[in-house]
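K.L.:
Numbering (mature numbering (1 follows the signal peptide of the UniProt record, and there is no 0)), first residue to last: -19 to -1, 1 to 259.
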């Protein structure tokens, strides 16, 4: 049986979601052709906020310098393709809230999600990984459809009359200019900033260039190249050869002794013969 496109999409989303670590720390970066937004990291509008109120995320160039918003990822207990982005610094999480046609991205304390005031408003709390981009982020719909939880929508970074950019999820079906202004189409991607895995580094070599923990040869005793621990030959040789002269053959000590004894006895015999003749 040939699998349907919804099954294939679900399999892709599940596979990609499985590659996301739930022990690592991430941040969100903007991908855009606009120089002011290219590679910008999402930050909180108000880093000093307590967390119970909605705190917008975007690219803010005014005010005090801000740190990147960091978070961990937790998959849904019943569907691992649905991901929750929980703040790494405080007990908060990322949500989308506001007009259904252009939901704003906010950080809020866990358990303090706002209740929609009308049917025109909505709150979403789950994210998806883009099936065409392993690190691309999309927003999960509130209703599971033909393509799973993924539905129409794209990211927008909007100034809305300011010089700062705030993030929105645009449904792509409405006139965005009636909701917010100064918008640019962008992509949002995950960037891992820290991992729970530990890495064991190899020992660094010492300043002399030898391996740490291995005794290096001294500057004098082993400079000649002999193996450490084995006595090296002396520079002056006590045998019958010198450093510059040619080898000198030596006599066999045992034979020399025997020949000397024979000559002595022959000399004694000759002497006795001479006395007898006289």
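We treat Cβ as the ideally placed atom computed from N, Cα and C, and that holds for glycine.
#1: For the beta strand (DSSP E) that residue 110 lies in, which residues bound it at each end?
#2: For the beta strand (DSSP E) containing residue 130, list its first residue and its last residue.
#3: Where does residue 168 sit, in a helix, a strand or coil, going by DSSP?
#4: So, residue 139 versus residue 163, is the Cβ gap smaller than 8 Å?
#5: What residues are listed by DSSP as bridge partners for residue 48?
#6: Which residues in the same chain as residue 172 place their Cβ atom closer than 6 Å to its Cβ, once the five residues preceding and following it in sequence are excluded?
#7: Between the stretch 84 to 93 and the stretch 146 to 166, do at least 3 Cβ pairs fall closer than 8 Å?
#8: In the DSSP assignment, what are the bridge partners of residue 67?
#9: What is the rounded straight-line gap between the Cα of residue 65 and the Cα of residue 43?
#10: What number of angstroms, rounded off, separates the C-alpha of residue 35 from the C-alpha of residue 80?
#11: Anyone know if the C-beta pair for residue 136 and residue 168 falls short of 8 Å?
#12: Put residue 35 into one of helix, strand or coil per three-state DSSP.
#13: Report the rounded CA-to-CA distance for residue 111 versus residue 126, giving the unit in angstroms.
#14: Is it true that the CB of residue 165 sits closer than 8 Å to the CB of residue 13?
#15: Who are the Cβ neighbours of residue 22 in its own chain at under 6 Å, not counting the five residues just before and after it?
#16: Look up residue 86 in the DSSP assignment and say whether it is helix, strand or coil.
#17: Please report the straight-line C-alpha distance between residue 55 and residue 157, rounded to a whole angstrom.
#18: Label residue 31 either buried or exposed according to how many other C-beta atoms from any shown protein chain fall within 10 Å of its C-beta, with 16 as the threshold for buried.
#19: Have a look at 113, 20, 119, 78 and flag the residue whose alpha-carbon is nearest the alpha-carbon of residue 99.
#20: Would you say residue 107 and residue 93 are within 8 Å of each other, going by their C-beta atoms?
#21: From the DSSP output, in three-state form, read off residue 8 for me.
#22: Give the C-beta separation of residue 97 and residue 103 to the nearest angstrom, bearing in mind that I take them to be a contact with Cβ-Cβ under 8 Å.
#23: Roughly how many angstroms separate the alpha carbons of residue 128 and residue 105, rounded to a whole number?
P.N.:
This is what the structure gives:
#1: In the chain shown, residue 110 corresponds to position 129, counting from 1. Note, residue 110: beta strand (DSSP E), 108 to 110.
#2: The sequence position of residue 130 within the chain shown is 149, counting from 1. Taken as a continuous stretch (DSSP letters only), residue 130 belongs to no beta strand (DSSP E), as it is neither H nor E.
#3: The residue you call residue 168 lines up with position 187 of the chain shown. Residue state, collapsed to three classes: strand.
#4: Sequence index remark: in the chain shown, residue 139 carries index 158 (1-based). Sequence index remark: in the chain shown, residue 163 carries index 182 (1-based). Their beta carbons are under 8 Å apart, which means residue 139 touches residue 163 by this criterion.
#5: Here residue 48 refers to the residue found at position 67 of the chain shown. Per DSSP, none; premise fails for residue 48.
#6: Numbered from its first residue, the chain shown carries residue 172 at position 191. Correct list, in chain order: 8, 10.
#7: yes
#8: One-based indexing of the chain shown puts residue 67 at position 86. 53, 74.
#9: Here the question's residue 65 lines up with position 84 in the chain shown. Here the question's residue 43 lines up with position 62 in the chain shown. Those two C-alpha atoms are separated by around 29 Å.
#10: What you label residue 35 is simply residue 54 of the chain shown in a count that begins at 1. What you label residue 80 is simply residue 99 of the chain shown in a count that begins at 1. Taking the straight line from one Cα to the other gives about 14 Å.
#11: Mapped onto the chain shown, residue 136 falls at position 155. Mapped onto the chain shown, residue 168 falls at position 187. Their beta carbons are under 8 Å apart, which means residue 136 touches residue 168 by this criterion.
#12: Counted from its first residue, the chain shown places residue 35 at position 54. Coil at residue 35, not helix or strand.
#13: As a first step, residue 111 is located in the chain shown; it is residue number 130 there, counting from the start. As a first step, residue 126 is located in the chain shown; it is residue number 145 there, counting from the start. If you take the alpha carbons of residue 111 and residue 126, they lie about 16 Å apart.
#14: Your numbering for residue 13 matches position 32 in the chain shown. Your numbering for residue 165 matches position 184 in the chain shown. The answer is yes: Cβ separation under 8 Å.
#15: For the purposes of this step, residue 22 is taken as residue 41 along the chain shown, with counting starting at 1. If we look at residue 22 and ignore the five residues flanking it on each side, its Cβ neighbours are 8, 10, 49.
#16: Position 105 of the chain shown, counting from 1, holds the residue named residue 86. Of the three classes helix, strand and coil, the one that applies to residue 86 here is strand, per DSSP.
#17: Taking the chain shown and counting its residues from 1, one reaches residue 55 at position 74. Taking the chain shown and counting its residues from 1, one reaches residue 157 at position 176. Looking at the two C-alpha atoms, the distance is approximately 31 Å.
#18: Numbered from its first residue, the chain shown carries residue 31 at position 50. Residue 31 is exposed by the Cβ-count criterion.
#19: The count along the chain shown starts at 1 and reaches residue 99 at position 118. If we check each option's Cα against that of residue 99, 78 comes out closest.
#20: Within the chain shown, residue 107 is the residue found at index 126, counting from 1. Within the chain shown, residue 93 is the residue found at index 112, counting from 1. Not a contact, by the Cβ cut-off of 8 Å.
#21: Translated into the one-based positions of the chain shown, residue 8 becomes position 27. Three-state DSSP puts residue 8 in a strand.
#22: By one-based count along the chain shown, residue 97 stands at place 116. By one-based count along the chain shown, residue 103 stands at place 122. That pair is a contact at about 6 Å.
#23: Taking the chain shown and counting its residues from 1, the one referred to as residue 128 is at position 147. Taking the chain shown and counting its residues from 1, the one referred to as residue 105 is at position 124. About 18 Å.
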